[in-house]
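Peer 1: Take the sequence shown: its letter number 213 is residue 913 in the numbering used here, and every next letter is one higher. Below is the structure I would like to discuss, written out as structure tokens.
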Amino acid sequence: MSGHSKWASIKHKKAVVDARRGQQFTKLARAITVAAREGGGDPEANASLANAVQKAREASMPKDNIERAIAKGAGTGADADNIETVVYEGYGPGGVAVLVEALTENRNRTGADVRHLFSKHGGNLGEPGSVAYLFDKAGVILVDASRYSEDDLLAAIEAGAQDIVAQDDGLEIVTEPGDLAAVRDALTQAGVELESAELTQRPKTSVSLDEEGAAKLFRLIEALEDNDDVGEVYANFDVSAEILERVAS
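Below, the structure is given as structure tokens:
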């Protein structure tokens, strides 16, 4: 199976609970602010902002907090101007490619922190472009294959989805980044319950890991995600569903 799909689902479920912590709310608000700054404050015309707002809503972030974050990004506030998006690339245990998206007001501090975490957990931080070519940005929606068949997802194709891919743990609907919101809404209106829907970096190839390798990689991923400045971590690993459940539990 493609491990990144199941990992995304696990992260999504954990985030809904963990988001009640101040750290996670801060990350969500920062992502909204930067998305609004870079693409404008209208979620209907800004796929990245729509995705950030959706994540915040799923995490039960108050509406006022979301609106303040949008206003900060769409305005000319110094706080928004000081935050920049930085992408770090490297390799984790087992030669797995790792892509780290961070939002920071101090590039030097964040870069040093990320480099330290890679080194501490058996990985190596690489140069820009060293692994980015192994990923494609896409919208990815996950649904439970035990509840729905591909025939139940025709609304997604009609709304512009590129593909429906069967995974061991579910069905993965792939969209262009700008079509994610439309496809998500079409499925919701069709009565399909979604496990997750997000903009992601989808691996083109994958690296198989055994349980030991997966455990080492997940320690790196979790350490990176715990960093205040890191927003998303992507990796092109592939493991069995059984190993993933044991290691991620």
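Heads up, the beta-carbon is just placed ideally off N, CA and C, and yes, glycines get one too. Here the structure is a predicted model, which means the values were calculated and not measured.
1. Just reading off the alpha helix (DSSP H) that V874 is part of, what are its end residues?
2. I766 lies in the alpha helix (DSSP H); which residues open and close that run?
3. Give the range of the alpha helix (DSSP H) segment to which S846 is assigned.
4. What does the Cβ neighbour count give for D742, buried or exposed, with the cut at 16 atoms within 10 Å?
5. Nearest to G931 by CA position, among E744, A756 and N746, is which residue?
6. Under DSSP, the alpha helix (DSSP H) around Q862 begins and ends at which residues?
7. In angstroms, rounded to a whole number, what distance separates the CA positions of V799 and E789?
8. Below 8 Å CB to CB, which residues in the same chain sit around D851 once its five sequence neighbours on both sides are set aside?
9. Which residue from Q901, E912, R730 and T726 puts its Cα closest to that of E784?
10. Can you tell me whether DSSP reads N824 as helix, strand or coil?
11. Could you check if N751 is buried or exposed, using at least 16 other CB atoms within 10 Å of its CB as the buried criterion?
Peer 2: By the coordinates alone:
1. In the DSSP assignment, V874 falls outside any alpha helix (DSSP H) and within the unbroken beta strand (DSSP E) covering G870 to T875.
2. Segment K763 to A774, the alpha helix (DSSP H) holding I766.
3. No alpha helix (DSSP H) holds S846; DSSP gives it neither H nor E.
4. Label assigned to D742: exposed.
5. Comparing C-alpha distances from G931 to each of E744, A756 and N746 shows the shortest one belongs to A756.
6. First-last for Q862: undefined, no H or E at that position.
7. According to the sequence displayed, residue 799 carries Leu and not Val. Near 5 Å, if we compare the C-alpha coordinates of E789 and L799.
8. Within the same chain, D851 has no close Cβ partners at all.
9. E784 has its Cα closest to that of R730, out of Q901, E912, R730 and T726.
10. Residue state, collapsed to three classes: strand.
11. Buried.
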